[in-house]
Structure formats: C-alpha cells, structure tokens
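Counted from 1, the sequence shown has number 122 at position 107 by the numbering used here; the numbering is strictly sequential.
Glycine residues also receive a C-beta, built at the ideal position from the N, C-alpha and C atoms.
Since the structure is predicted, the reported quantities are computational estimates derived from the model, not experimental observations.
What follows is one structure encoded as structure tokens, with my remarks underneath.
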Amino acid sequence: SDVVPTLSHVYPNGSADVNEFQAAGGTGFVIRELLDAGFMHEDVLTVRAGGIREYTREPALAGNALTWLDASDSKDQSIVRHVSAPFSATGGLKLLQGNLGRSVIKGSAGPDARPVIEAPARVFDSQEGLHAAFNAGELDKDVICVVRWQGPQANGMPELHKLTPPLAVLQGKGYRVALVTDGRMSGASGRVPAAIHVSPEAAAGGPLAKVRDGDVIRLDALTGDLQVLLDEAEWAARQLDVMPPTLRQANGIGMGRELFAGMRRHALAAEQGALSWM
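What follows is the structure, given as structure tokens:
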C-alpha cells in the first residue's frame, strides 16, 4: 500500500458507485495499469487459464458469439486514472503498531476525518454497549471507542459496520473520534478513523484487555502508531481483563454454536487470516 498508487475514486473514497466504476473502465483497466507498471505479478494461478493478464479482457457479444475485448482506456478521469497520474501515490491501507498490538487502518475518505487522534478511551464489550452509550448522550466529546471481544476466538469476528453511523454523527459535531477494535469492518467503512483487526485479540490475552475508561490513546495514521499513553512500567503491570461470563455464554451457546467451540479455541489471529484448525 505504501508503493501502489490509488487509481480509483469509488465510494467511500469517492462518490462513484461500482456501476460507474465499471462504465469508466473497470477492473480490466485497473489491472492492466498495475501490470504494465510492474505493480502486479502476471504469472499467478487463477481460476481462469492464462494468468492475471486475461483479466484485462472483457466478454462481449458479437451477434450470438462470445468474444473477448481488451479493456478500454479510462472514460472518466474523475473515477479511474492511469498510473502516471493517480489520485494518490500510495494506497489506502496503513499498518498501525504499538503497545496495543498490531492493527490496520484504511485511509478515511470523509472531509471531517483527522489522521491523528489523541483522546480518552471509552471501553465497550459489545456493539450494543456503544450504541446504548451513544443514545444516552455519553459520547458527546472527544473519544476513542475501544470495542473488544470481537476477534476470531471471541465470537467469530462479526461485521461492525453499524458502528460507523453513530461515530460519524459525533465526528460531524466536531469531536475527535476514532474506533479501536479486534473486530472487522466492511470495505464500505472509512469515514471514521478505525484501527481494526487488532492482534493479538483481547480473548487471546491481547493488550486491548488492559485498556480502561479514561486511558489516553494515540492513533496516528501518518506514523503508524497505536499507543496507550501510559508509563511503560504501569502498563506492563496492569492486569488483563477477562471476557464477562455472560458474554462468553452468549457467544458460544445456542443455535448450534456449541459445535464450533473447538474451532473458536484454535482460531488464528486476524493478521494470520483468522483461520481455524482442529
């Protein structure tokens, strides 16, 4: 991501949707640009014979016959661009690391977003807890919301996209807000700074289990820092919280989820693919 340029301007980092993207040149154009510039390996195996270069050709009908045509040039420079004139010289992903672990953040598209957020933490054990606090007006301030117990071992790493709207409202009010979580979010997320996939996760003894309400966290998408601003000795001596028994029961009991207890127990970290083995 530090060397591959941004060639498309599609939601959430632009206003175009996927249909407009395809009409402007689409995947075929982008792949051809990346291949020709040396940013992609051409000799990779895919489900289609001929390597990745075959994906620069698109199907079309000539009468009743199927033909394959080379991808067109960009038909709209506001949506897709050449490598020689990209929207940005770098991609949208950044590795974050520090005393909270390792995480990834996607460059935000929102005009109100800030690349550096330093604010007190508010810790939640569930998505529902954050929504309840928002509805009660408890988050109308600068805040970094830490939502833990959302990783592969804890509860299978569910989608957290519904956290974006309330945080975006707070951001729109002028507050400095961000999300830090061992869970995942949709690719459509991006308006609010979010350090996701934090590894190791809280359920595996990760540092998120040490965070307390009021701890000042620094999230710096420019330098790649993700830190709790505490004395090193104090942070090292702090005990890990454990997942509340009610939450552990809710995550693992009912609707046949008991069958997958072994898979959750052996799930790898998000940065290792969140794979399960028995």
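| Check | Outcome |
| --- | --- |
| May I ask you to report which of helix, strand or coil DSSP gives Leu182? | helix |
| Can you tell me the Cα-Cα spacing of Gln112 and Ala276, whole angstroms? | 30 Å |
| Please state the DSSP three-state secondary structure of Gln165. | coil |
| Taking 9 Å as the threshold (C-beta atoms), are Ala224 and Ala217 in contact? | yes |
| With a 10 Å radius around its C-beta and 16 neighbouring C-beta atoms as the bar for buried, classify Thr2 as buried or exposed. | Residue 2 lies beyond the residue range present for the chain, which begins at 16 and ends at 293; the question has no answer from this structure. |
| Cα-Cα, which of Ile67, Val98 and Gly107 is closest to Ile120? | Gly107 |
| Which of the three DSSP states is assigned to Ala124 in this structure? | In this prediction, Ala124 has a pLDDT of 49, which is less than 50 and means its spatial position is unreliable; nothing more can be read from the coordinates. |
| Please state whether DSSP places Gln92 in a helix, a strand or coil. | coil |
| Which residue or residues does DSSP assign as beta-bridge partners of Leu296? | As displayed, the chain neither begins before 16 nor continues past 293, which places residue 296 out of reach and without an answer. |
| For Val33, name the three-state secondary structure that DSSP assigns. | helix |
| Once the 5 residues before and after Val257 are set aside, which same chain residues still bring their CB inside 7 Å of it? | none |
| So who's on the other strand from Pro130, going by DSSP bridges? | In the DSSP output, where bridge partners are listed per residue, Pro130 has none listed. |
| Cβ atoms of Pro20 and Val98: under 9 Å apart, would you say? | yes |
| Determine the DSSP secondary structure at Asp235, reduced to helix, strand or coil. | strand |
| Give the single residue among Asp157, Glu143, Leu60 and Arg191 whose Cα lies nearest to the Cα of Leu175. | Glu143 |
| Would Arg272 and Ala169 qualify as a contact pair, given that the criterion is a beta-carbon distance under 9 Å? | no |
| Check the C-beta distance from Leu115 over to Pro222 and give it rounded, since I have them as a contact under 8 Å. | 5 Å |
| Can you tell which of Ser16, Glu73, Ile159 and Arg117 has the C-alpha that lies nearest to the C-alpha of His212? | Arg117 |
| Where do the N-terminal and C-terminal ends of the alpha helix (DSSP H) with Val45 fall, by residue? | Gly41 to Asp51 |
| Straight-line CA distance for Ala265 to Val45? | 44 Å |
| What does the alpha-carbon distance come out to for the pair Lys90 and Glu133? | 42 Å |
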